[in-house]
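A.B. asks:
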C-alpha cells in the first residue's frame with residue numbers, strides 16, 4: 271500500500287492513459303471476475319452454514335418478511351428433483367437479496383445463483399470474493415449488452431441451478447417497479 275507522509279492511502283494510484291497495464295491472471299474484477307469456484311462443494315457447504323446462521327439471524331433482526339405464494343411451489347418442491355426456477359422480484363433495497371435468499375424454499379435455496387451488478391458487488395477483490403462465496407453471486411454488467419450473461423444464465427439453469435435476478439437491473443430510484 272503506498273504511503274504518504276506516514277498516512278496510508280486507500281485509493282488506487284492514478285495511471286496515465288498512455289501507459290499499458292498488463293493484467294495479471296486471476297486478478298480480473300467486475301464482469302470478468304471468475305465465480306466457478308464458489309459453486310464447488312466446499313464453498314456450497316460454507317454458504318449453507320452462512321445462510322442458516324448469520325444470514326438467518328441478520329434477516330430476523332432487520333426484517334420480518336411475510337412470504338406469500340409458497341403454495342404455488344408446493345407441488346414442485348415435493349418432486350425428487352425439483353426443476354430450477356428463475357426468481358425475478360422487484361428491487362427496492364440492498365436487503366432484498368438477503369430477504370429473498372431466506373424466503374426462497376430450501377429446495378431451490380441450496381443451488382440458487384444471484385445475478386449481481388458487476389460494477390458494485392465485483393469492483394473490489396474482497397467484495398467480489400464475499401459476494402461470490404456468501405451469496406453465490408455472479409457478476410452481471412449492467413452497461414454492456416450481449417449474449418455473455420444470457421449464455422451464463424442458460425448454462426447455470428441447464429446445470430440445475432435456480433436464478434435470482436432483478437429485472438430492473440438495479441434498485442428502484444423512486445420506489446416504483448417496472
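Residue numbers (the numbering used here): 271 to 448.
All residues carry an ideal CB built from backbone N, CA and C; glycine is no exception.
A quick note: this is a predicted structure, and the numbers were derived from the prediction, not measured.
(1) Which of the three DSSP states is assigned to residue 432 in this structure?
(2) Look at the alpha carbon of residue 403 and the alpha carbon of residue 317, and state the distance between them as a whole number of angstroms.
(3) Following the continuous beta strand (DSSP E) through residue 408, name the residue where it begins and the one where it ends.
(4) Bridge partners for residue 357 per DSSP, in chain order?
(5) Determine, using beta carbons only, whether residue 407 and residue 385 come nearer to each other than 9 Å.
(6) Counting along the chain, where does the alpha helix (DSSP H) carrying residue 369 start and finish?
(7) Residue 436 and residue 381 - do their beta-carbons sit closer together than 9 Å?
(8) Between which residues of its own chain and residue 356 is the CB-CB distance below 6 Å, once the five residues before and five after are set aside?
(9) Helix, strand or coil for residue 299, going by three-state DSSP, please let me know.
(10) Would you kindly report the start and end of the unbroken alpha helix (DSSP H) that includes residue 327?
(11) Answer yes or no: do residue 378 and residue 354 have a C-beta to C-beta separation smaller than 9 Å?
(12) For residue 371, count neighbouring Cβ atoms within 10 angstroms of its own Cβ and tell me buried if that reaches 16, exposed if not.
(13) Mapping the DSSP letters down to three states, classify residue 382 as helix, strand or coil.
(14) With DSSP as the reference, label residue 387 as helix, strand or coil.
(15) Would the beta-carbon of residue 388 fall within 9 Å of that of residue 300?
(16) Taking 9 Å as the cut-off, decide whether the C-beta atoms of residue 383 and residue 431 are in contact.
C.D. replies: According to the structure shown:
(1) strand
(2) 6 Å
(3) 407 to 410
(4) 434
(5) yes
(6) 365 to 373
(7) no
(8) 433
(9) coil
(10) 326 to 332
(11) yes
(12) buried
(13) strand
(14) strand
(15) yes
(16) yes
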